[in-house]
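Colleague: To start, I am sharing the structure in question, which I have written as structure tokens.
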Amino acid sequence: MPFTLATWNINSVRLRAPLVARLLREEGPDILCLQECKSPVEKIPGEIFANLGYPHMIARGEKGYNGVAILSRLPIEEAGSLDFAGLGHARHIAGRLENGVTIHNFYVPAGGDVPDRAVNDKFGQKLDYLTDMRDFFGQERPQKSILVGDLNIAPREDDVWSHKQLLKVVSHTPVEVDHLGAAMEAGGWHDVTRADIPEGQLYSWWSYRARDWDAADKGRRLDHVWASGDIREAGHSSRILRAARGWEKPSDHAPVFATFDL
DNA sequence: ATGTCAACAGAATGTTGA
Numbered sequence: 001m002p003f004t005l006a007t008w009n010i011n012s013v014r015l016r017a018p019l020v021a022r023l024l025r026e027e028g029p030d031i032l033c034l035q036e037c038k039s040p041v042e043k044i045p046g047e048i049f050a051n052l053g054y055p056h057m058i059a060r061g062e063k064g065y066n067g068v069a070i071l072s073r074l075p076i077e078e079a080g081s082l083d084f085a086g087l088g089h090a091r092h093i094a095g096r097l098e099n100g101v102t103i104h105n106f107y108v109p110a111g112g113d114v115p116d117r118a119v120n121d122k123f124g125q126k127l128d129y130l131t132d133m134r135d136f137f138g139q140e141r142p143q144k145s146i147l148v149g150d151l152n153i154a155p156r157e158d159d160v161w162s163h164k165q166l167l168k169v170v171s172h173t174p175v176e177v178d179h180l181g182a183a184m185e186a187g188g189w190h191d192v193t194r195a196d197i198p199e200g201q202l203y204s205w206w207s208y209r210a211r212d213w214d215a216a217d218k219g220r221r222l223d224h225v226w227a228s229g230d231i232r233e234a235g236h237s238s239r240i241l242r243a244a245r246g247w248e249k250p251s252d253h254a255p256v257f258a259t260f261d262l
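Quick note: the first sequence uses full-length UniProt numbering, first residue 1, plus one each step.
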């Protein structure tokens with residue numbers, strides 16, 4: 001049975017519960033992975049989503065920051081949560097579907113402003129997080145697995161509005177791209193979005209600070225859908241719902257979709 | 001340095017993080 005999955009950094013699931021509901025109603029993904037819920041789990045308005053046909057929710061949360069959740073119309077059971085770099089943050093949850101597919105939902109640390117771990121602890125934490133990711137998935141290569149989330153890195157030149165102007169901007173520096181690539185390779189992960197859409201500029205995030213985000217279009221592809229090597233061929237129909245960035249009181253991220261024939 | 005958001009602490013705005 002094919003299923004469609006979406007990943008979306010919602011930037012407060014309580015404030016934007018109406019937008020989540022709109023996405024569920026209008027697009028109807030089978031599974032929606034959220035990041036930056038910024039809410040303790042017990043304060044996530046799960047009944048709103050349940051009433052829309054998404055009775056299954058697994059989540060990790062904390063007060064004010066981070067937080068990840070998976071909403072599903074298919075039964076999903078928790079399959080652990082990882083705390084890379086020992087941050088003690090709610091940045092990951094894994095779930096398993098009845099067909100045996102595991103879904104990892106990640107919110108990788110943003111990394112602060114200065115791309116130098118000697119002067120910016122947050123940048124060091126981001127690199128350490130990615131190194132731990134590499135080591136974890138390298139230990140035992142995942143199978144029948146999908147990894148999604150806000151990875152806070154735009155790896156390719158055509159994943160940013162200006163490769164040259166962003167080389168020293170956190171999210172597109174070579175050291176971050178290398179760390180992400182190492183995690184990807186160690187786990188045998190494949191970039192489903194770029195397998196589907198190999199050519200051209202592709203963004204999932206536009207800063208709030210731009211006066212006209214749509215016209216300026218200074219975006220970055222920070223949100224990703226990966227598949228383990230054994231199911232890479234099952235992924236298709238990738239798309240980014242850019243329109244959601246223009247909704248009333250939007251998140252600064254747009255949802256990324258993929259369908260899997262599994 | 002700036003721009004714009006959101007949550008928190010604690011009672012108005014400043015801080016932290018993105």
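Where is the CB? At the ideal position from N, CA and C, for every residue including glycine.
(1) Rounded to a whole number of angstroms, what is the C-alpha to C-alpha distance between leucine 24 and leucine 52?
(2) Taking 8 Å as the cut-off, decide whether the C-beta atoms of phenylalanine 260 and arginine 239 are in contact.
(3) Taking 8 Å as the threshold, find out whether the stretch 112-123 comes into contact with the stretch 78-89 through three or more Cβ pairs.
(4) Reducing DSSP to helix, strand and coil, say where glycine 67 ends up.
(5) Flag this pair as touching only if the stretch 151-162 and the stretch 218-234 have three or more C-beta atom pairs under 8 Å; answer yes or no.
(6) Using C-beta distances below 6 Å, list every residue in its chain close to histidine 172, excluding the 5 sequence neighbours before and after it, in chain order.
(7) What's the call for methionine 133, buried or exposed, on a 16-neighbour Cβ count within 10 Å?
(8) Ends of the beta strand (DSSP E) at tyrosine 54?
(9) Span of the beta strand (DSSP E) holding phenylalanine 84?
(10) Do isoleucine 58 and glycine 95 have their C-beta atoms closer together than 8 Å?
(11) Distance check for proline 255 and isoleucine 76, CA to CA, integer angstroms please.
(12) Terminal residues of the continuous alpha helix (DSSP H) containing glycine 235?
(13) Taking all protein chains shown into account, decide if serine 228 is buried (16 or more other Cβ within 10 angstroms of its Cβ) or exposed.
(14) Might you give, ordered along the chain, the residues of its own chain that have their beta carbon closer than 8 Å to the beta carbon of lysine 43, omitting 5 neighbours on each side?
(15) Taking the straight line between their C-alpha atoms, what separation do you get for glutamine 125 and glycine 80?
(16) In terms of residue numbering, what span does the alpha helix (DSSP H) encompassing valine 160 cover?
(17) Where are the beta strand (DSSP E) runs, 3 residues long or more, that stay fully inside the stretch 160-236, in chain order?
(18) Anyone know if the C-beta pair for asparagine 152 and valine 101 falls short of 8 Å?
(19) Do you know whose CA, among Asp128, His190, Val175, lies nearest valine 148's CA?
(20) Under the assumption that glycine 181 contacts arginine 141 (Cβ atoms under 8 Å), give the Cβ distance between them as a whole number of angstroms.
(21) If you draw a straight line from the C-alpha of glutamate 36 to the C-alpha of methionine 184, how long is it?
(22) I need the DSSP call for glycine 112, collapsed to helix, strand or coil.
(23) Just the C-alpha distance for phenylalanine 82 and phenylalanine 136, rounded to the nearest angstrom, thanks.
(24) Let me check understanding here. Comparing Cα to Cα, which of Pro45, Tyr129, Pro55, Asn11 lies closest to leucine 34?
(25) Return the Cβ separation of asparagine 9 and aspartate 150 in integer angstroms, given the expectation that the two are a contact with Cβ distance under 8 Å.
(26) What first and last residue would you give for the alpha helix (DSSP H) that runs through glutamate 140?
(27) Over what stretch of residues does the alpha helix (DSSP H) that includes alanine 21 continue unbroken?
(28) Do you know offhand how far alanine 21's Cα is from arginine 245's?
Modeller: With the given structure in hand:
(1) 7 Å
(2) no
(3) The answer is no - the stretch 78-89 does not touch the stretch 112-123, with fewer than three Cβ pairs under 8 Å.
(4) coil
(5) Because the criterion of three Cβ pairs below 8 Å is met, the stretch 151-162 and the stretch 218-234 touch.
(6) Only residues of its own chain outside the window of five on either side were considered, and among them Ala154, Val160, Leu166 have a CB closer than 6 Å to the CB of histidine 172, listed in chain order.
(7) buried
(8) Element bounds for tyrosine 54: n/a, residue is neither H nor E.
(9) Segment: none, phenylalanine 84 is in no beta strand (DSSP E) and carries neither H nor E.
(10) yes
(11) The alpha-carbon of isoleucine 76 is positioned some 21 Å away from that of proline 255.
(12) Counting along the chain, glycine 235 falls outside any alpha helix (DSSP H), though it belongs to the beta strand (DSSP E) covering 235-240.
(13) Per the 10 Å Cβ criterion, buried.
(14) Arg14, Gly61
(15) 21 Å
(16) No alpha helix (DSSP H) holds valine 160; DSSP gives it neither H nor E.
(17) 189-191, 223-228, all fully within the stretch 160-236.
(18) no
(19) His190
(20) That pair is no contact at about 16 Å.
(21) 22 Å
(22) coil
(23) At residue 82 the sequence reads leucine, which differs from the phenylalanine that was named. Using only the alpha carbons, I get a separation of about 10 Å.
(24) Selected option, being the one with the closest Cα: Asn11.
(25) 4 Å
(26) No residue range can be given for glutamate 140, since it is assigned to no alpha helix (DSSP H) and is classified by DSSP as neither H nor E.
(27) 17-27
(28) Cα to Cα, alanine 21 sits roughly 15 Å from arginine 245.
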